[in-house]
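These protein sequence lines map, in sequence, to chains A and B. Sequential numbering from 335 applies to the first sequence in our numbering. Sequential numbering from 1252 applies to the second sequence in our numbering. From the three backbone atoms N, C-alpha and C, an ideal C-beta is built for every residue, glycine too. Input: a single structure, listed below in structure tokens.
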Amino acid sequence: MAALGFELTVAMRFLREGRMQTALIIGGAAVGVAVIYFITAVLVGVQLDLIKRVTGAQPHVVLKPPEDTVAPLVAPTSDGTRLASVQARPQRLTTIDGWPALLRETEATQGVTAVAPVASGGALAVKGDASRAIVIIGTDIDRYRRVVKFDDKIVQGALRLEAGDAMIGTDLAHDLGAVLGDRFRVQSAEGASEVFQIRALLDLGSRDLNRRYVYTALRPAQSLLKISGRITNIDVAVDDIMRADEVAARLRAQSGQQIESWIQTNKQVFAAIGNQDIMTILIRVFVTIVVVLGIASVLVVSVVQKRKEIGIMRAIGATRSQMLRVFLMQGALVGFSGALVGTAFGMVLISVFSRILRSASGAPLFSLAFDFNLMLLALSAATLLGVLAAVLPARNAANLDPAEAIRG
Amino acid sequence: MTDIATVPLVRLQGIRKTYNAGLPSEQEVLHGIDLAVQSGEFTALIGPSGSGKSTLLNILGLLERPTGGIYQLTGRDVTQLNDDARTEARHLTLGFIFQFHHLLPAFSALENVMLPAMMGGKTNDPAMRERAAWLLDAVGLKDATAKKPSALSGGMQQRVAIARALMLAPKLVLADEPTGNLDTRSSDAIFKLMRQFNSEHGVGFLVVTHDPRLAARCDRIIDLVDGQVDSDRANTPAS
């Protein structure tokens, strides 16, 4: 630091001397940084809200047994001849063999945070005169609650799935005319039948799901579907929902099962999110360019204003590179302080607007989460960009002819 | 080893300076100047406006390059040195005093005096701080060390400039009309100060001046007319 003492001292004095100018340009940089923070927070909030709504009660990744495929009797030949029509096979309810081992293996896969065994299939819910087609989801609730978050979905009752317990969507309860604690009968296509007591009413985020989903314990579901001891799929949660595809690819490579991620099943939503990302990147880039140009133009003016002083310093022994560094440092200081002020300003913006912008459910769209790493990134990026903005003015200062500068 | 006594501090041989070379406005300002200045000399450079005094001073101060001729500073040819080497030679050998004081307004008097030391990487060297304080004391500004230039009178500012020029104990101080902007009393005091540093510390001075009264108080008077040395004579100041 001692070697840069002169440059740093002069840079700070120059900035302090041009008070108004310095305040304006730091303010400009701060607004830019704040806007980037704010846009990022809004976008992340909107995306998470959208994903939450779309995925709702869906797991991030599902492992299923491979589908029954048809092996054509005549294989396609090299000259392109192939059978014009191959009838697809009707899909039976297939199950996963040796699932406890597969469950453990899946759980140990990188990126996977939770797994749950599921026995799932179509059935009919009957109460009195009412009957509705439903999807029965039999699982181990202690595991499943870590795959799908139920805490904010329970409208009434408690999370509990012993044998004979069921949790159903609010719309299904309405259709059956049932309330919490009521019993209803489930009949499967396989001809089995069980009675369940409603332990919780759920809002799964969409009317369709609320009308069809019935959660039970694993064993009654298995006996209803006549697949005793076996399961139909493994539901998986991943740590980074936006990278569910990567985890899916890893699982596909190691398990030999059929793997579906929420990204595959909701391609359009994911594409929309991608487009949003591109828009945000564009906004960030343009805000950055504006800030850099702002810093550069103020420093160019400052070099002109300080012509004589630069000339004197050169005359009494400052080198070109010292003058260069004086102005590069001003850029760095302006960028750094701008980012510091901008971080505070951005936090204020986020906390104010998190009260105004709300999702459909009325919950705040985003929250004020202080991300220390993001701040470090913003500070170092802004400092670097400040230096970049100062390159041209600093070169002007360094190349100033001292004799001419002193003369006038 | 060259005998130090035989090598003049400054030696100019056939120094020419042309502005706007190759343009219709081309103009030769200096037409071959030969000059030698010894250590510790107190010299006046006089001459009418447009005679090339300031250009010669800038060339001596390594702020401008001559178009032709050889300039040796402490025995070393400095005409062909690159910018950094010239800056270093200027920093270590020469001091400057300008007509309009030219202090940095954002720095206090003491800091202005310390600037040359700070440039050399001695930002907080206590010995340098001490020397700067001593110099300010010597120019009679003991109580103004913390003041910004804007709080000082013209004469006081020029005293600060003298202290700054002497900060790194230069061999030669180049002064361009150092009193041109001051009233007679201040100008007298400033001149006395320069003579005092000359006699007590052996610092050489080369003073560009319009004022014949000041020139008469120097040891040597060089008269520059139309870019040539018209006369160069020793002078005995009347004390």
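Contact fails between the region 665–678 of chain A and the region 1355–1372 of chain B, because fewer than three Cβ pairs, one in each stretch, are under 8 Å apart. With the criterion set as a beta carbon lying under 9 Å from some beta carbon of chain B, the members of the region 647–676 of chain A are M647, R648, A649, I650, G651, A652, T653, R654, S655, Q656, in sequence order. Between P727 (chain A) and chain B, the shortest Cβ-Cβ separation is not below 7 Å.
Looking at B:R1410, B:W1385, B:N1449, B:A1414, the one whose alpha-carbon comes closest to that of T1430 (chain B) is B:R1410. Put simply, the CB of F340 (chain A) is near chain B, with a gap under 7 Å to one of its CB atoms. Within the same chain, N1271 come within 6 Å of E1277 (chain B) by CB-CB distance, once the 5 residues on both sides are set aside.
For G379 (chain A), there is no enclosing beta strand (DSSP E); the residue is part of the alpha helix (DSSP H) that begins and ends at 353–389. DSSP lists B:T1294, B:L1425 as the bridge partner or partners of L1457 (chain B). Think of a sphere of 8 Å around the beta carbon of M1369 (chain B): the chain A residues whose beta carbon falls inside it are G339, F340, T343, in chain order.
With three or more CB-CB distances shorter than 8 Å, the region 352–364 of chain A counts as touching the region 627–640 of chain A. G379 (chain A) and L699 (chain A) have their alpha carbons spaced roughly 5 Å apart. Annotated as proximal: L437 (chain A) and V449 (chain A), with beta-carbon spacing under 7 Å. Membership of L1392 (chain B) in any beta strand (DSSP E) is not indicated, and neither H nor E is assigned to it by DSSP. Judged by beta-carbon spacing, L1296 (chain B) lies beyond the 7 Å limit of L1423 (chain B), meaning their Cβ atoms are not closer than that value. Counting other Cβ atoms within 10 Å of its Cβ, I565 (chain A) reaches 16 or more and is therefore classed as buried.
Within chain A, no C-beta atom comes nearer than 9 Å to that of D1439 (chain B); the closest sits roughly 25 Å away. In terms of Cα proximity to I650 (chain A), the closest of B:S1300, B:S1450, B:T1338 is B:T1338. Scanning chain A for C-beta atoms nearer than 7 Å to the C-beta of E1428 (chain B) yields nothing, as the closest lies near 13 Å away. T504 (chain A) and R545 (chain A) have their C-alpha atoms spaced approximately 7 Å apart.
Excluding sequence positions up to five before and after L495 (chain A), its CB lies within less than 6 Å of the CB of I475, A551, all in the same chain and listed in chain order.
N600 (chain A) sits in coil when the DSSP states are folded into three classes, being neither helix nor strand. Counting only runs of at least 4 residues, the region 1336–1402 of chain B fully encloses the following alpha helix (DSSP H) elements, listed from N- to C-terminal order: 1360–1370, 1377–1389. Residue pairing for F518 (chain A): DSSP places it in a beta bridge opposite A:F530. Contacts with chain A at 7 Å (Cβ-Cβ) do not include N1486 (chain B). Residue environment analysis places K487 (chain A) among the buried positions, since at least 16 neighbouring C-beta atoms fall within 10 angstroms of its C-beta. Here Q588 (chain A) is exposed, its C-beta having fewer than 16 other C-beta atoms within 10 Å. Counting only the Cα atoms, W433 (chain A) lies some 13 Å from I561 (chain A). As summarised for the region 539–616 of chain A, the continuous beta strand (DSSP E) elements at least 3 residues long and confined to that stretch are 547–551, 567–572, 592–595, given in chain order. At a C-beta separation below 9 Å, L1366 (chain B) has these neighbours in chain A: F340, V344, I646, M647, I650, G651, A652. Contact annotation: G1291 (chain B) and G1453 (chain B) have beta-carbon atoms nearer than 7 Å. Counting only unbroken stretches of 4 or more residues, the alpha helix (DSSP H) elements lying wholly within the region 421–494 of chain A are 433–441, 475–481, in sequence order. A:Q556 is the residue among A:L493, A:M657, A:Q556 whose C-alpha sits nearest the C-alpha of A457 (chain A). Q1264 (chain B) sits in a strand when the DSSP states are folded into three classes.
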